[in-house]
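Engineer:
2 protein chains.
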Amino acid sequence: MSSTKTITIRQGTREARHSFEGVHTVLELLQRSGFTVAAPCGGSGTCGKCLVRVIRGDAGEPSTMERRLLSEGRLAGGTRFACSLTPEANMEVEVPDWHGKTENKAALIASPLDNDPALVKRVMQLAPPSITDQRPDLERILAAGKVETSSLPLPALQELAATVRQEEYSVTLLLDRKKGRDEEWPASRLLAVEPGDTTDRFWGVAIDIGTTTVAAYLVDLNRAHTVDVYSELNRQAEFGADVVTRISYAQKNGVKPVQATIIGQINGMIAVLTERNKLSPAEVYLALVAGNTTMQHFFAGLDPAGIGVSPFIPVTTGALSFPAEDLGIRINRHGLAGMLPGISGYVGADVVAAIVASRMRERSEISLLIDIGTNGEIVLGNKEWLLACSTAAGPAFEGAQIRFGVGGIEGAVNTFGLNGNPTGTTIGSAAATGICGSGMLDIAAMLLKTGVIEATGRLLPAEELPDSVPSPVRERCATFEGSPAFMVVPAEETRDGEAIYLTEQDVRELQLAKAAIAAGVSTLLEDAQVPIEAVTSVYLAGGFGSYMNAESALAVGLLPAGAAGRIEVLGNAAGIGTVMSITSRTVAQECTRIAEHVRYIELSSSPAFQLAYIEQMTFGEV
Amino acid sequence: MSSTKTITIRQGTREARHSFEGVHTVLELLQRSGFTVAAPCGGSGTCGKCLVRVIRGDAGEPSTMERRLLSEGRLAGGTRFACSLTPEANMEVEVPDWHGKTENKAALIASPLDNDPALVKRVMQLAPPSITDQRPDLERILAAGKVETSSLPLPALQELAATVRQEEYSVTLLLDRKKGRDEEWPASRLLAVEPGDTTDRFWGVAIDIGTTTVAAYLVDLNRAHTVDVYSELNRQAEFGADVVTRISYAQKNGVKPVQATIIGQINGMIAVLTERNKLSPAEVYLALVAGNTTMQHFFAGLDPAGIGVSPFIPVTTGALSFPAEDLGIRINRHGLAGMLPGISGYVGADVVAAIVASRMRERSEISLLIDIGTNGEIVLGNKEWLLACSTAAGPAFEGAQIRFGVGGIEGAVNTFGLNGNPTGTTIGSAAATGICGSGMLDIAAMLLKTGVIEATGRLLPAEELPDSVPSPVRERCATFEGSPAFMVVPAEETRDGEAIYLTEQDVRELQLAKAAIAAGVSTLLEDAQVPIEAVTSVYLAGGFGSYMNAESALAVGLLPAGAAGRIEVLGNAAGIGTVMSITSRTVAQECTRIAEHVRYIELSSSPAFQLAYIEQMTFGEV
């Protein structure tokens, strides 16, 4: 490390020197060195998100895009795009502490859970062997346990002789009852044998891998109870903001680095959860994952290339289960890593888990479930039938492609309204750093109501504003980089001392995203020949869906006007459904039935959707 | 390697320099460096088998045991026990090329085999996906194949997207139909998917792991035909001649080194078989093993400690199957390594395979199966019932504990008789190097017949020989190391120029071994209340069983006199049964039924056996 070809990187309290041999940009170096950086455009120098600040060394002349997207003050202060910055000897750069604090996507689940998990522990006192009872160790256990399984995984078998003798033939069995239904344990799969009684050490982790956020729930498998939850921004953001960019990255560089990123992140999150609950990761026996189909492919190291192009074919959407060690998940060495089943390339296990959480398949009334994340997944139906589709909302709701857009991080403007003056709140009540999805929706709804935005999506220049626009709003209507814009936060109230705007282009992005969701909803309703009035419950799920203001969503036409009064926020439905699947094998089996049962409608080839999309381009209540 | 703390080791054409840092004896160094040396006593300096010759350097003063067991000529020539020899800088030692050539234990199997293997390949043309048929790759295969399996092993799944697209959705499936019975493939387990039609590349290897010899059969899985066979002495001999010594070694040093030795040897044998048949190991999809229970434990890395002490408890005797990669077996990376089921700690899968090969369970007539190796395993029964026992014959029949005893290697005296003169044959017609089991039996039978050995086992001194002893025999009656002995090969006909004797002590060893087998047979007959005359066939199996002269066995009383005329040599029955199990899933299932069906009789706690053992100590026809 004494070579001069190294640079120093700081992120939060972390500082490290890294060699930049064979690396062309600071972004590449950050990715190689395990730093988390947002790079929604995949490093092409266009999105302006992978910001770093050069503390020592020559930041060089800014590029055209850097000049366009960064103020002179920031450029002078050394801020640059990591993807456009060439590392040089002894340079020092600072990376924003990106995943330090996230909006608490994942709340603890308070509602009572079924306590009938597939994975169980059973204590057993074996009869010691003798010259008249020479049954082998394994056969002794199988006979005593009435376990219909023929074997044990090899590593457990290699330890078995010592295990059974350690506590004088008192053992605890780890059993997977997935396929059984009885009180006893026939058709169980024996996964491990532990010496003595280890039943008090028995935990699971449910993990919702969102494209933007990863949430992990620590579940007490004895009491069917979530005791803690922890979420982080998905570190795969460094490979792109959306699944398609990440798939492209994997096609160029292989699936392994992307898989390693999510596995490493999950291991870190499990370490956080276990440490702060005074447990060891060895006391965790199951890591059950639900994510969209691409996230699940990355988790298991499956090649997602087929999902990236029409006709959007995954390797599998089946429920999978592997020894956790095979995936590099650091829990008990005999533990399992499982994945819930999905429906199609763009309607994944997270949606199946959300359906479970909504309990919409338990009722004869028709429900509509909308999970708005980077993609919008929509499910319509009841206990008889279910229809689903996925619509490319784009990452606008997650803050990408929005001039001052950010994810749900500290300082993000997350609500906005007109209380005399236009005013909003930020996450953590911190100085504003940007606008997240729910804030943007509120701002747009307010601007629509006050007439600053027309139904066509045009953001009016100050000189064209109708007289009806209240003057506190009118005063914020300005221009930014030569186009009409609305000043969301004045310079003096922001962290960087520069005003935050919603631009005309931002409104266009919102319009496309809104149209995609709304058209998806109307296509499903039309296919099922169900009027919106016949839908009893509209469930909102997902990172953005849970935090958006339903009135704003109705105001801009993201949700159909007819749904007013029947909107219910589920929170992180995917996470909840995954926890439910961990604590109940009936629910886990139900996931497989749902995955097989849902009829998937491919919107990319649907003429009805194309028509609806154009129709829904108009803002306002539809 | 320029350090002076190295010695040079030669074995056959192989020569290598090795550091002896931290090593106390040349035997340890040989074991560490992967040289094969016999060390039946486990390196305690008592058996005199781990011979090396010091070519350069100081061989040092011979030990007491070396003086006792090695002639002055050999000592002067530099021959020493490797276990008693201290390595010194620049020493050069020569190790006998021990496993160069072995008696061909394993003959090709000519009899027609069932062609209905559990492991099959099936070619399939999949419908390419489209926007109206978006089934995932795996589900597309499962649906088309009517395969009742939910998944693929992870490594195969990770390659699946590329595999199905490589040959335009034409694929070959690798299926394990173990549990199915139909013509089609329900209840099959899908192990791998290969691009295009790969059905012509489909081989299996059946491996009989004997304590002394390992035999591997190359099987054409398409045509159910063995095309080649290859055998080597088991390299675990370096850890001891018998299973108990090897178990002790594993208890001190862990199972891993012993496992690594057999896995490495099997990989080498598969490499020999594939190379000389112009195949790649990647074209082999199954390595199916049958060995005694200890050998199978070592193969799978299971702890055999429980087998070594009363009540002789194995980890498992069940049929096991693992991805070959998990055991380090180098065949196709999606291939399987399997083990046939066994019966008890001392009646293993090799006996189950031998029962299959004898077809004794297909008939209502009663058969007796005797597999004489290091242990003697005996099975009595018919299609209704089967009894089995194991008797500690000791390794005398394998050449251990016999003064001039050797395994079935080149130069071993393997037959002997009195044709006017006492005369014998050697394996490979080479200059004599020692006496193997079948030779020893012939010699003993001849000496009994001529009255040189009394029924009590006493080898008469020359001066006590009765007049009836023919003079060519009498002339060979001499003394060796002060005790009566019979000169088997005069000095001028041996490789080392020193005469080979059968000593009085050797006759005692033979007597113990013979008594153990004969008492086992009589205990089973008594338990089943079956007179020997009711036994229709007596099958001889195993390394020694197959090569011994039945008349000699009857003459010394190793086999009951009543069996005369109904003795049939099966050859390597364990190997044959393993090949039969590879080519027929019915036979494989039959192995499991046999393992469950056989009633095992523990002789160590049987008073009947103790009585019979003393009775059978007498030589001669019983």
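Residue numbers (this note's numbering), protein chains in the order written: chain A, 1484 to 2105; chain B, 1484 to 2105. Think of the CB as a built atom: it goes at the ideal place given N, C-alpha and C, for glycine as much as any other residue.
Taking C-beta to C-beta, are D1979(A) and P1878(A) nearer than 8 Å?
Structural biologist: Taking 8 Å as the Cβ cut-off, D1979(A) and P1878(A) do not qualify as a contacting pair.
Engineer: Any idea which residues DSSP pairs Y1984(A) with across the strands?
Structural biologist: Answer is M1970(A), bridged to Y1984(A).
Engineer: How is C1960(A) classed by DSSP in three states: helix, strand or coil?
Structural biologist: The answer is strand: DSSP assigns C1960(A) an E or B state.
Engineer: In whole angstroms, what separates the C-alpha of A2071(B) from that of H1507(B)?
Structural biologist: So the alpha carbons of these two residues sit roughly 47 Å apart.
Engineer: Starting from M1923(B), trace the alpha helix (DSSP H) in both directions and tell me its first and last residue.
Structural biologist: G1920 to T1933 is the span of the alpha helix (DSSP H), which, as asked, contains M1923(B).
Engineer: Using the three-state DSSP reduction, which class does T1695(B) fall into: helix, strand or coil?
Structural biologist: Coil.
Engineer: For T1681(B) and P1611(B), I'd like the C-alpha separation in whole angstroms.
Structural biologist: Rounded to the nearest angstrom, the two C-alpha atoms are 20 Å apart.
Engineer: Do three or more CB pairs link the region 1910-1922 of chain A to the region 1744-1758 of chain A at distances below 8 Å?
Structural biologist: The answer is no - the region 1744-1758 of chain A does not touch the region 1910-1922 of chain A, with fewer than three Cβ pairs under 8 Å.
Engineer: When the Cα atoms are used, what is the spatial distance from P1944(B) to T1909(B)?
Structural biologist: Their backbone Cα atoms lie some 27 Å apart in a straight line.
Engineer: Which parts of the region 2037-2088 of chain A are runs of the beta strand (DSSP E), unbroken and 3 residues or longer, counting only runs that do not cross its ends?
Structural biologist: You should have 2050-2054.
Engineer: Does the Cβ-Cβ distance between S2029(A) and V2052(A) come in under 8 Å?
Structural biologist: In contact: S2029(A) and V2052(A) (Cβ atoms closer than 8 Å).
Engineer: Within the same chain, show all residues whose beta-carbon is closer than 6 Å to that of S1828(B), passing over the 5 residues directly before and after it, in chain order.
Structural biologist: This sequence places Gly at residue 1828(B); Ser is not what is there. Result list for G1828(B): T1776, I1790, F1795 and P1797, in chain order.
Engineer: Below 8 Å, can you find three or more Cβ-Cβ pairs linking the region 2023-2039 of chain A to the region 1684-1699 of chain A?
Structural biologist: With the cut-off at 8 Å, the region 2023-2039 of chain A and the region 1684-1699 of chain A touch.
Engineer: Report buried or exposed for P1595(A), applying the criterion of at least 16 other Cβ atoms within 10 angstroms of its Cβ.
Structural biologist: When all chains shown are included, P1595(A) counts as exposed.
Engineer: Taking F1685(A) as the reference, which of K1735(A), E2073(A), R1605(A) and I2000(A) has the closest Cα?
Structural biologist: Among K1735(A), E2073(A), R1605(A) and I2000(A), the Cα nearest to that of F1685(A) is on R1605(A).
Engineer: Counting only beta-carbon separations shorter than 8 Å, does V1440(A) have a partner in chain B?
Structural biologist: In the structure as shown, chain A begins at 1484 and stops at 2105. Residue 1440(A) is therefore absent and cannot be evaluated.
Engineer: Pick helix, strand or coil for K1739(A), following the three-state DSSP scheme.
Structural biologist: Reduced to three states, the DSSP call for K1739(A) is helix.
Engineer: Let's test the definition: count the other Cβ atoms within 10 Å of the Cβ of S1714(A) and tell me whether it reaches 16, buried, or not, exposed.
Structural biologist: With 16 or more other Cβ atoms within 10 Å, it is buried.
Engineer: What are the start and end residues of the alpha helix (DSSP H) that includes Q2093(A)?
Structural biologist: Q2093(A) -> alpha helix (DSSP H) spans P2090 to E2098.
Engineer: Against chain A, does L1785(B) count as a neighbour if the rule is that its beta carbon must be under 8 Å from one of theirs?
Structural biologist: Chain A, which has a Cβ nearer than 8 Å to the Cβ of L1785(B), makes this yes.
Engineer: Quick one: using the 10 Å Cβ neighbour count with 16 as the cut-off for buried, is G1894(B) buried or exposed?
Structural biologist: It is buried - the Cβ of G1894(B) has at least 16 other Cβ atoms within 10 Å.
Engineer: Go ahead and label Q1514(A) buried or exposed: buried means 16 or more other beta carbons lie within 10 angstroms of its beta carbon, across all protein chains shown.
Structural biologist: Looking at its Cβ environment, which holds 16 or more other Cβ atoms inside 10 Å, Q1514(A) is buried.
Engineer: Hey, would you say A1915(B) sits closer than 8 Å to V1990(B), going by beta carbons?
Structural biologist: Contact flag unset, no.
Engineer: For I1926(A), count the other beta carbons within 10 Å of its own beta carbon; 16 or more makes it buried, fewer makes it exposed. Which is it?
Structural biologist: Classification of I1926(A): buried, given that the 10 Å Cβ count is 16 or more.
Engineer: Would the region 2001-2018 of chain A and the region 1842-1852 of chain A be scored as touching if the rule is three or more Cβ pairs under 8 Å?
Structural biologist: Yes: the two stretches touch, three or more of their Cβ pairs being nearer than 8 Å.
Engineer: Can you list, in chain order, the residues of the region 1640-1659 of chain B whose Cβ is nearer than 7 Å to any Cβ on chain A?
Structural biologist: Listed in sequence order: L1640, Q1641, L1643, A1644 and A1645.
Engineer: Determine which residues of the region 1590-1619 of chain A have a Cβ less than 8 Å from any Cβ of chain B, and write them out in chain order.
Structural biologist: Answer set for the region 1590-1619 of chain A: P1612, S1613, I1614, T1615, D1616, Q1617, R1618 and P1619.
Engineer: Pull up the CB-CB distance for A1503(A) and I1492(A), whole angstroms please, since I reckon it's below 8 Å.
Structural biologist: For the sequence presented, residue 1503(A) should be read as Phe rather than Ala. Contact flag wrong, Cβ pair sits at about 10 Å.
Engineer: Less than 8 Å between the CB atoms is what I'm expecting for G1917(A) and G1882(A), so what's the real figure, rounded?
Structural biologist: The pair is a contact, with the Cβ atoms about 7 Å apart (cut-off 8 Å).
Engineer: If you draw a straight line from the C-alpha of N1717(A) to the C-alpha of Q1994(A), how long is it?
Structural biologist: Answer to the nearest angstrom: the Cα atoms are 26 Å apart.
Engineer: Contact criterion: CB-CB distance below 8 Å. Does S1827(A) meet it with respect to chain B?
Structural biologist: Yes, S1827(A) counts as interfacial toward chain B.
Engineer: Can you tell which of S1671(A), Q1649(A), R1729(A) and S1567(A) has its C-alpha closest to the C-alpha of G1528(A)?
Structural biologist: Nearest of S1671(A), Q1649(A), R1729(A) and S1567(A) to G1528(A), Cα basis: S1567(A).
Engineer: Would you kindly work out how many angstroms separate the C-alpha atoms of D1711(A) and V1755(A), rounded to a whole number?
Structural biologist: Spanning the two alpha carbons is a distance of roughly 10 Å.
Engineer: P1764(A): buried (16+ other C-beta within 10 angstroms of its C-beta) or exposed?
Structural biologist: P1764(A) should be labelled buried.
Engineer: Between the Cα of L1625(A) and those of Y1768(A), V1792(A) and L1674(A), spot the shortest distance and give me the residue it belongs to.
Structural biologist: Of the listed residues, the one whose Cα sits closest to L1625(A) is L1674(A).
Engineer: For W1668(B), name the three-state secondary structure that DSSP assigns.
Structural biologist: Confidence is the limiting factor: at W1668(B) the pLDDT is only 45, short of 50, which leaves the residue's position unreliable and the question unanswerable from this model.
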